Amino acid sequence: GLAAASTATETHIRPYYPGTSHSKGFRLAINVTDHSNVLYSLIQNKYIGSIHVGAGLALVGWAPDTEYARIFYQNGTAEEHRSGMDKKSPAVSTAHLDAGPGTPGIYIAPVPEPYAFLFPDTWTACNESISYYPGKHFVIFKRVETNHNIPDGCVPVRLIPECIPLNDLPPESLSSHEYAIDDRCYKDVTAL
1 GLAAASTATE THIRPYYPGT SHSKGFRLAI NVTDHSNVLY SLIQNKYIGS
51 IHVGAGLALV GWAPDTEYAR IFYQNGTAEE HRSGMDKKSP AVSTAHLDAG
101 PGTPGIYIAP VPEPYAFLFP DTWTACNESI SYYPGKHFVI FKRVETNHNI
151 PDGCVPVRLI PECIPLNDLP PESLSSHEYA IDDRCYKDVT AL
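Now the structure itself:
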């Protein structure tokens with residue numbers, strides 16, 4: 001028989017992510033991980049926005065351009081930033097952007113993770129109708145327990161932080177950015 005020996009060593013293929021920068025403010029860009037899904041061409045490299053569903057209530061949706069993209073920040077101390085995921089999460093939960101203190105256990109993945117992304121890394125985009133808008137469909141986001149329980153009509157996505165200056169609050173604001181965390185993000189997510 002014929003045999004050949006190779007001196008080549010095994011290589012590991014890794015996705016290309018440019019180096020990270022740091023910012024207190026960031027937009028969340030959508031990276032669809034299943035390029036064959038019909039939602040890919042609609043939401044790939046778009047941003048997270050919100051869909052109003054009542055007084056002080058909003059679902060996490062996609063923004064067709066940066067004008068409608070929400071600006072986020074992580075609020076807390078260094079110790080709070082290191083905390084883990086909320087262990088009481090259900091298997092699938094619709095993401096909300098309601099008025100209030102935010103959702104514990106959702107944060108930008110810390111070092112030693114080599115890439116910056118919104119953790120936990122089990123997000124899906126779903127084309128669904130919303131009862132607040134009868135007969136209309138929207139792309140909304142859900143967090144799933146694992147990538148094995150993605151609902152029908154949904155596609156797995158990774159939410160990537162893109163650096164943007166944190167907006168100034170009006171002088172009469174009751175909110176504060178005093179504890180906004182300077183965290184990892186990318187200068188331009190379209191390079192990913």
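Numbering of the sequence shown is given in UniProt numbering, commencing with residue 1 and proceeding in unit increments. Glycine included, each C-beta is placed from N, C-alpha and C at the ideal position. This one's a predicted model, so the numbers in the text were calculated from it and none came from an experiment.
Exposure of residue i, with buried meaning 16 or more beta-carbon neighbours within 10 Å
i      : result
Glu162 : buried
Ala99  : exposed
Asp152 : exposed
Ser173 : exposed
Thr146 : exposed
Ala55  : exposed
Asp183 : buried
Leu169 : exposed
Cβ-heavy atom distance, residue i to the ligand FMN, below 7 Å
i      : result
Trp123 : No copy of the ligand FMN occurs in the structure displayed, which carries no ligand at all.
Paired residues, beta bridge with residue i - DSSP
i      : result
Tyr47  : Ala29 and Ala63
Pro156 : Thr124
Ala180 : Asn75
Ala58  : His52
Pro161 : Leu28
Leu118 : Ile108
Tyr143 : The sequence given here has Arg at residue 143, not Tyr. The partner list for Arg143 (beta bridge, DSSP) reads Ser93 and Trp123.
Tyr133 : Ile130
Ser23  : Asp183
Cβ shell of residue i (< 8 Å), same chain only, five flanking positions each side left out
i           : result
Gly61       : Ile48, Gly49, Ser50, Ile51, Phe138, Val139, Ile140 and Phe141
Pro120      : Met85, Gly105, Ile106 and Arg143
Asn37       : Val155
Thr33       : Val155, Pro156, Val157 and Arg158
residue 196 : Because the chain here runs from 1 to 192, residue 196 falls outside it and cannot be looked at.
residue 198 : What the structure shows of the chain is the stretch from 1 to 192, and residue 198 is not part of that stretch, so it cannot be assessed.
Proximal residues to residue i (C-beta, below 6 Å), its chain only, five neighbours per side dropped
i      : result
Pro165 : Gly25
Leu57  : Asp98
Ser23  : Cys163 and Cys185
Thr124 : Lys142, Val144, Ile150, Cys154 and Pro156
Tyr115 : Tyr17
Gln44  : Val32
Val53  : Leu59 and Tyr132
Cβ neighbours of residue i in the same chain (closer than 7 Å, five flanking residues each side left out)
i      : result
Pro18  : Tyr186 and Ala191
Val64  : Before going further, note that residue 64 is Pro rather than Val in the sequence given. Excluding positions up to five away in sequence, the list reads Lys46.
Glu113 : none
C-beta neighbour in chain B for residue i, strict 8 Å
i     : result
Leu57 : No chain B is present in this structure, which holds just one protein chain.
Any contact of the segment 91 to 109 with the segment 130 to 139, i.e. 3+ C-beta pairs under 8 Å?
-> Too few Cβ pairs lie closer than 8 Å, so no.
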